[in-house]
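Undergrad: The structure follows.
There are 2 protein chains.
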Amino acid sequence: MSYFDAASSLPLHPVAQQALLAALDEGWADPARPHREGRRARMLLDAARETAAEAVGCRPDELWFTSSGTRALHTGIAGALAGRRRVGRQLVLSAVEHSAVLHAAAAHERAGGSVCEVGVDRTGRVNAREYGEALDPGSALACLQSANHEVGTVQPVTETAAVCAEAGVPLLVDAAQSLPWEAPPEGWSLLTASAHKWGGPSGVGLLAVRKGVRFAAPEPADERESGRAPGFENVPAIVAAAASLRAVRAEAGAEAARLRALVDRIRERVPELVPDTEVVGDPVRRLPHLVTFSCLYVDGEAVLQALDAAGFSVSSGSSCTSSTLTPSHVLRAMGVLSEGNVRVSLPPGVDEAEVNRFLSALPGVVDGVRAHVGAASLGSSAPAAGASSAPAEPTGSPAAPEPAEPAASALTVDALGKKCPVPVIELAKVIERVPVGGVVTVLADDVAARLDIPAWCEMTGHAFVDASGDAFRVRRVAASG
Amino acid sequence: MSYFDAASSLPLHPVAQQALLAALDEGWADPARPHREGRRARMLLDAARETAAEAVGCRPDELWFTSSGTRALHTGIAGALAGRRRVGRQLVLSAVEHSAVLHAAAAHERAGGSVCEVGVDRTGRVNAREYGEALDPGSALACLQSANHEVGTVQPVTETAAVCAEAGVPLLVDAAQSLPWEAPPEGWSLLTASAHKWGGPSGVGLLAVRKGVRFAAPEPADERESGRAPGFENVPAIVAAAASLRAVRAEAGAEAARLRALVDRIRERVPELVPDTEVVGDPVRRLPHLVTFSCLYVDGEAVLQALDAAGFSVSSGSSCTSSTLTPSHVLRAMGVLSEGNVRVSLPPGVDEAEVNRFLSALPGVVDGVRAHVGAASLGSSAPAAGASSAPAEPTGSPAAPEPAEPAASALTVDALGKKCPVPVIELAKVIERVPVGGVVTVLADDVAARLDIPAWCEMTGHAFVDASGDAFRVRRVAASG
């Protein structure tokens with residue numbers, strides 16, 4: 001098995017395991033107690049705080065341990081908003097933040113606050129100037145991830161911090177994905193992270209709040225972690241988390257360079273090996289270990305299952321793999337294809353041979369899924385198709401709504417009730433029957449279609465005319481190749 | 001070292017350690033992911049839920065894992081209050097609940113809700129009928145611990161559940177102290193507990209909510225734990241917690257009987273060995289492993305330190321050992337002495353010889369502290385003094401406010417600004433100079449004095465006349481012995 005879902009969670013780092021076992025022996029008592037066992041736990045907790053603060057680049061008394069990265073975000077956002085309530089109630093965030101940030105924003109909105117979402121470009125990157133324009137005198141807090149968890153794009157934190165500082169708005173940086181790799185850029189007011197992303201145990205998040213930042217911890221609170229994280233401190237896990245962070249950082253430089261080269265290979269080879277595939281995210285300003293691509297005419301769940309059967313564990317932002325049945329909000333914000341989405345995030349120490357094995361297996365896996373949904377021959381139907389060359393015959397399969405040749409201008413594909421990737425497959429099947437310059441209307445009520453039909457046009461070179469309700473109009477463009 | 005603070009936290013049970021190590025290998029992935037590692041984590045999580053549900057006595061789909069017992073209480077209380085907001089906003093609880101409940105109640109009050117506290121008797125026990133009288137049509141939730149964490153008194157949960165059911169008010173039972181020993185009594189609507197109290201790892205709480213109980217999880221929420229505990233599930237710790245709960249329950253019957261006998265010995269011997277000591281809490285309806293007593297004329301912190309130096313780790317509810325400088329709210333609600341308070345909670349497997357060693361060491365420890373504060377000879381100044389016999393001479397120390405014999409009716413001890421146990425010591429020193437039937441006024445602004453001066457009167461047989469502001473009046477009673 002090759003586990004390529006490092007951005008989701010990692011097995012315990014050997015250093016973390018050692019530290020955990022030692023701290024389970026020495027640090028199980030209540031660090032608030034004055035007795036010997038309590039004092040020992042307190043010393044371990046203090047030492048872990050020093051270590052973590054050094055990795056974050058803050059003072060130990062600016063850093064608190066929470067029960068998860070999610071909790072750190074929820075507490076950080078609520079605390080900063082409450083601390084600046086007199087200033088205003090606007091929360092500014094990028095459209096591609098982690099769902100924990102979006103949940104906190106939704107809660108803030110339901111409680112009467114306002115939320116301003118800053119869009120991203122097609123690589124998933126915010127523009128610091130645009131971010132600055134979203135700030136206003138009522139902005140209480142700004143949030144920006146250091147790097148995106150789904151597509152790996154690194155955000156312009158330093159530049160955004162500068163515009164926030166100019167506007168006098170504190171910036172919370174969600175450093176969950178980047179903290180294992182490097183110290184966060186300067187300029188943050190609050191910072192969060194999660195230990196199981198760097199080989200620490202789950203159950204440990206970090207919340208750092210710079211001195212001077214107004215903060216009112218959400219209630220109920222207690223005396224633990226200076227009132228910012230109620231409940232018995234999980235000292236053994238905290239000790240393991242801090243030890244692990246120091247260990248992975250010591251290896252981060254060399255390992256980042258190695259994984260960066262492997263990811264470059266994936267970014268380059270996948271579009272060559274698998275036709276009609278789009279690699280998304282910034283190719284350069286990105287996390288070292290993460291790459292995401294989407295494949296036309298397949299559903300993400302089937303690809304995941306087939307990769308799983310072939311021995312590869314990956315993740316997907318396709319709608320069919322989520323409980324909400326909507327595509328990842330990150331892919332939506334980027335305006336890129338969501339169907340057949342695959343995120344590969346390499347764990348530290350991954351073998352180069354594993355990556356090569358993945359590249360060998362992927363084409364067969366995607367072909368197999370495409371064949372299963374009757375889309376095997378669609379790969380070359382595009383006017384500007386890349387690797388494959390022979391124009392496909394119209395399949396005339398029962399999925400095409402009109403077996404007889406219709407009036408070109410009236411051609412309509414009824415994919416209502418059909419889920420991703422069916423609407424796009426049906427569009428691809430019918431496009432050959434549309435005269436060049438003619439328009440086909442696709443009726444589709446699947447949420448993913450709003451993303452995938454324009455993305456299909458972008459990838460195949462046909463022209464997306466417009467969308468109105470559940471009707472999407474596409475004009476056939478002459479083959480350019 | 002003898003660790004006698006089991007009610008605070010326990011080292012990891014060997015079964016928990018084994019389960020944790022196995023689950024760190026097998027259950028580190030995200031249980032929400034469909035890949036192999038994710039499915040394995042999900043299976044472990046499901047199995048742990050089955051195990052925990054069996055120990056709690058509920059269905060697996062009625063039980064969620066939180067990041068701590070405190071978090072389970074905060075979420076349970078907020079969720080139940082929100083779920084029944086249309087009914088009303090009153091929260092009913094006993095005066096001796098865990099501080100996490102009191103913090104949740106305070107937050108509820110600050111948010112505009114109302115809180116009704118039900119008092120307890122001198123053993124710390126609520127009366128179910130009185131509890132029922134506190135319920136009204138606007139009661140949204142009632143809270144009652146299964147047993148008290150400071151004095152061990154078991155609460156009448158079944159009877160209270162019956163009055164709550166009659167009033168149609170859901171009852172949340174905080175089972176943190178009793179769950180390791182036995183399945184909770186029937187009748188609860190919500191139930192909470194904490195794994196590190198039974199030798200599981202810290203970082204795991206339980207929240208059970210019966211089907212049909214209205215519950216609206218506090219925001220922000222996510223899809224984890226059915227929306228009731230946001231953030232990445234801590235699967236390895238949850239697995240260890242469940243395994244440990246099953247293991248301690250298998251041993252609980254025999255171990256409870258053994259510890260009960262050891263605690264009985266402490267309850268019996270301490271007042272014999274240490275004069276002017278009161279054992280508090282219900283002597284029969286109590287946790288098997290826990291006993292609390294208070295010693296006149298000493299401060300709890302000094303006793304804790306001296307016991308720590310002698311190799312015993314215990315806890316205290318005295319004001320001088322808490323960050324708030326007020327005595328434990330439990331002792332206050334019971335109206336018992338708070339000075340020199342010592343809680344002994346025996347860990348499973350404790351050696352009988354350790355308990356005997358403690359009983360041998362305790363008198364010397366308390367004597368040493370009393371001598372240090374100049375209270376060594378006060379033990380027999382009481383009219384109804386027990387073990388010690390010779391009447392003490394007035395010490396005439398500088399602490400006594402009036403070296404010359406004052407007019408009896410005007411005798412005043414000025415202990416303003418003095419902290420526990422000084423006001424009581426000064427009272428004990430001066431009482432010999434008060435004629436029988438005469439009154440002494442103690443001026444004391446330490447919060448503990450409100451509790452300890454009446455308790456001193458109760459213990460020594462003198463009459464507490466009244467308190468007015470910082471002035472406490474005490475009438476000397478003739479020696480009865």
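Residue numbers (UniProt numbering), protein chains in the order written: chain A, 1 to 481; chain B, 1 to 481.
Yeah, the Cβ is synthetic: ideal placement off N, Cα and C, and Gly gets one too.
It should be emphasised that the depicted structure is a prediction, and the values quoted were computed from it without experimental measurement.
Are Ala105 (chain B) and Val96 (chain B) touching if we call contact CB-CB under 9 Å?
TA: Counting from one through the second sequence, the residue named residue 105 (chain B) turns up at place 105. Counting from one through the second sequence, the residue named residue 96 (chain B) turns up at place 96. In this structure, Val96 (chain B) does not lie closer than 9 Å to Ala105 (chain B) by Cβ.
Undergrad: Val263 (chain B): beta carbon under 8 Å from a heavy atom of the ligand MN?
TA: Among the ligands in the structure shown, none appear at all, so the ligand MN cannot be discussed.
Undergrad: Would you identify the three-state DSSP class for Ala390 (chain A), choosing helix, strand or coil?
TA: Indexing the first sequence from 1 puts residue 390 (chain A) at position 390. Only weak support exists for where Ala390 (chain A) lies, its pLDDT of 38 falling under 50; the coordinates are left without a value.
Undergrad: If I'm right that Pro184 (chain B) touches Val169 (chain B) with Cβ under 8 Å, what's the distance once you round it to whole angstroms?
TA: Counted from its first residue, the second sequence places residue 184 (chain B) at position 184. Counted from its first residue, the second sequence places residue 169 (chain B) at position 169. Pro184 (chain B) to Val169 (chain B), Cβ: 18 Å. No contact.
Undergrad: Going by alpha carbons, who is nearest to Asp299 (chain A) out of A:Val291, A:Ala306, A:Val263, A:Glu339?
TA: As a working mapping, residue 299 (chain A) is identified with position 299 in the first sequence. Asp299 (chain A) has its Cα closest to that of A:Glu339, out of A:Val291, A:Ala306, A:Val263, A:Glu339.
Undergrad: Counting only beta-carbon separations shorter than 9 Å, does Glu225 (chain B) have a partner in chain A?
TA: Residue mapping note: residue 225 (chain B) aligns to position 225 of the second sequence, counting from 1. Cβ-Cβ to chain A under 9 Å: no for Glu225 (chain B).
Undergrad: Judging by CA-CA distance, which residue of B:Phe293, B:Arg269, B:Phe464, B:Val274 is the nearest neighbour of Val280 (chain B)?
TA: Against the second sequence, residue 280 (chain B) aligns to sequence position 280. Checking every option, the nearest Cα to that of Val280 (chain B) belongs to B:Phe293.
Undergrad: So Arg214 (chain A) is in the alpha helix (DSSP H); what residue range does that whole segment cover?
TA: Here residue 214 (chain A) is taken as the residue at index 214 of the first sequence, counted from 1. First-last for Arg214 (chain A): undefined, no H or E at that position.
Undergrad: Per DSSP, Ser313 (chain B) is paired with what?
TA: For this step, residue 313 (chain B) is matched to residue 313 along the second sequence. The partner list for Ser313 (chain B) (beta bridge, DSSP) reads B:Tyr3.
Undergrad: Which residues, taken in chain order from the region 225-241 of chain B, show a beta carbon closer than 8 Å to some beta carbon of chain A?
TA: Pro230, Gly231, Phe232, Glu233, Asn234, Val235, Pro236, Ala237
Undergrad: Would Gly152 (chain B) pass as a contact of Arg286 (chain B) if the rule is Cβ separation under 9 Å?
TA: For the purposes of this step, residue 152 (chain B) is taken as residue 152 along the second sequence, with counting starting at 1. For the purposes of this step, residue 286 (chain B) is taken as residue 286 along the second sequence, with counting starting at 1. Yes, the Cβ-Cβ distance between Gly152 (chain B) and Arg286 (chain B) is below 9 Å.
Undergrad: Looking at Ser313 (chain B): is its Cβ nearer than 9 Å to the Cβ of Glu301 (chain B)?
TA: Residue 313 (chain B) sits at position 313 when you count from the first residue of the second sequence. Residue 301 (chain B) sits at position 301 when you count from the first residue of the second sequence. No, Cβ-Cβ distance for Ser313 (chain B) and Glu301 (chain B) is not below 9 Å.
Undergrad: Counting pairs of beta carbons, one from the region 6-16 of chain A and one from the region 327-347 of chain A, are three or more of them closer than 8 Å?
TA: yes
Undergrad: Taking a contact to mean a Cβ-Cβ separation below 9 Å, would you say Leu206 (chain A) touches Gly335 (chain A) in this structure?
TA: In the first sequence, counting from the first residue as 1, residue 206 (chain A) sits at position 206. In the first sequence, counting from the first residue as 1, residue 335 (chain A) sits at position 335. No, the Cβ-Cβ distance between Leu206 (chain A) and Gly335 (chain A) is not below 9 Å.
Undergrad: My parser needs the alpha helix (DSSP H) runs of 4 or more residues fully inside the region 128-191 of chain A; what are they?
TA: 128-134, 157-167
Undergrad: Could you give the first and the last residue of the continuous alpha helix (DSSP H) run that contains Val101 (chain B)?
TA: Taking the first residue of the second sequence as position 1, residue 101 (chain B) is located at position 101. First-last of the alpha helix (DSSP H) with Val101 (chain B): 99-110.
Undergrad: Who are the neighbours of Met1 (chain A) on chain B, taking C-beta pairs under 7 Å?
TA: Counting from one through the first sequence, the residue named residue 1 (chain A) turns up at place 1. Per Cβ cutoff of 7 Å: Arg36.
Undergrad: Would Pro421 (chain B) pass as an interface residue toward chain A - the criterion being a Cβ-Cβ separation below 9 Å?
TA: Stepping through the second sequence from its first residue, residue 421 (chain B) is reached at position 421. Output row for Pro421 (chain B): interface = no.
Undergrad: Using a Cβ cut-off of 9 Å (strictly closer), state whether residue 524 (chain A) contacts chain B.
TA: No statement about residue 524 (chain A) is possible, as the shown extent of chain A runs from 1 to 481 and does not include it.
Undergrad: Using beta carbons (cut-off 9 Å, strictly below), is Gly368 (chain B) in contact with chain A?
TA: Translated into positions along the second sequence, residue 368 (chain B) becomes position 368. Not closer than 9 Å to any Cβ of chain A, the Cβ of Gly368 (chain B) fails to qualify, so no.
Undergrad: Suppose only complete runs of 3+ residues qualify. What are the beta strand (DSSP E) ranges in the region 15-73 of chain A, listed by chain order?
TA: 63-66
Undergrad: Do Gly227 (chain A) and Ser11 (chain A) come within 9 Å of each other at the CB atom, strictly closer than that value?
TA: On the first sequence, position 11 is the one that residue 11 (chain A) refers to. On the first sequence, position 227 is the one that residue 227 (chain A) refers to. The amino acid at residue 11 (chain A) is misidentified as Ser; the sequence shows Pro. Going by C-beta atoms, Pro11 (chain A) is not nearer than 9 Å to Gly227 (chain A).
Undergrad: Shorter than 9 Å from the beta carbon of Arg129 (chain B) to some beta carbon of chain A?
TA: In the second sequence, counting from the first residue as 1, residue 129 (chain B) sits at position 129. No, Arg129 (chain B) lies away from the interface with chain A (no Cβ there is under 9 Å from its Cβ).
Undergrad: Return the chain-ordered list of same chain residues with a C-beta closer than 7 Å to the C-beta of Pro60 (chain A), the five sequence neighbours on each side being excluded.
TA: As a position in the first sequence, residue 60 (chain A) is number 60, starting the count at 1. Only Arg49, Glu50, Ala53 meet the Cβ criterion.
Undergrad: Confirm, please, whether the CB-CB distance from His149 (chain B) to Asp222 (chain A) is below 9 Å.
TA: What you label residue 222 (chain A) is simply residue 222 of the first sequence in a count that begins at 1. What you label residue 149 (chain B) is simply residue 149 of the second sequence in a count that begins at 1. Contact flag unset, no.
Undergrad: According to DSSP, residue 526 (chain B) sits in a beta bridge with which residue or residues?
TA: Past the boundaries of the shown model lies residue 526 (chain B); chain B is included only from 1 to 481, so the question cannot be answered.
Undergrad: Of all Cβ atoms in chain A, is any one closer than 9 Å to the Cβ of Glu150 (chain B)?
TA: For the purposes of this step, residue 150 (chain B) is taken as the residue at position 150 of the second sequence. No, its Cβ sits nowhere closer than 9 Å to a Cβ of chain A.
Undergrad: Closer than 6 Å by C-beta to Val213 (chain B): which residues in its own chain qualify, once you throw out the five before and the five after it? Chain order, please.
TA: Taking the second sequence and counting its residues from 1, one reaches residue 213 (chain B) at position 213. So the qualifying residues of the chain are Pro170, Ser189.
Undergrad: Could you have a look at Val439 (chain B) and say whether DSSP puts it in helix, strand or coil?
TA: Within the second sequence, the letter at position 439 stands for residue 439 (chain B). Val439 (chain B) falls in the strand class under three-state DSSP.
Undergrad: Does the distance from the CB of Val422 (chain A) to the CB of Asp446 (chain A) come in under 9 Å?
TA: To locate residue 422 (chain A), count along the first sequence from 1; it is residue 422. To locate residue 446 (chain A), count along the first sequence from 1; it is residue 446. Taking 9 Å as the Cβ cut-off, Val422 (chain A) and Asp446 (chain A) qualify as a contacting pair.
Undergrad: Can you tell me the Cα-Cα spacing of Ser388 (chain A) and Ile77 (chain A), whole angstroms?
TA: In the first sequence, the residue the question calls residue 388 (chain A) occupies position 388. In the first sequence, the residue the question calls residue 77 (chain A) occupies position 77. The predicted position of Ser388 (chain A) is uncertain, since its pLDDT is 37 and thus under 50; no value can be drawn from it.
Undergrad: Would you say His372 (chain B) reaches chain A, if we count a Cβ-Cβ gap shorter than 9 Å as a contact?
TA: Here residue 372 (chain B) refers to the residue found at position 372 when the second sequence is read from its first residue. Interface annotation, His372 (chain B): not in contact with chain A, CB-CB separation never under 9 Å.
Undergrad: Does Glu393 (chain B) come within less than 9 Å of chain A when only Cβ atoms are used?
TA: Here residue 393 (chain B) refers to the residue found at position 393 when the second sequence is read from its first residue. Because the pLDDT of Glu393 (chain B) is 40, which lies under 50, any placement of that residue in the model is unreliable, and the number read from its coordinates should be weighed accordingly. For Glu393 (chain B), the nearest beta carbon of chain A is not closer than 9 Å to its own beta carbon.
Undergrad: For chain A, is any of its Cβ atoms less than 9 Å away from the one on Ser318 (chain B)?
TA: For the purposes of this step, residue 318 (chain B) is identified with residue 318 of the second sequence, where counting begins at 1. No, Ser318 (chain B) does not count as interfacial toward chain A.
Undergrad: What in chain B is Cβ-close to Gly203 (chain A), meaning under 7 Å?
TA: Counted from its first residue, the first sequence places residue 203 (chain A) at position 203. Within 7 Å Cβ-Cβ: Ser67, Gly203, Asn234, Ala237.
Undergrad: Under a three-way DSSP split, which group does Ser360 (chain A) fall into?
TA: As a position in the first sequence, residue 360 (chain A) is number 360, starting the count at 1. In this structure, Ser360 (chain A) counts as helix in the three-state DSSP scheme.
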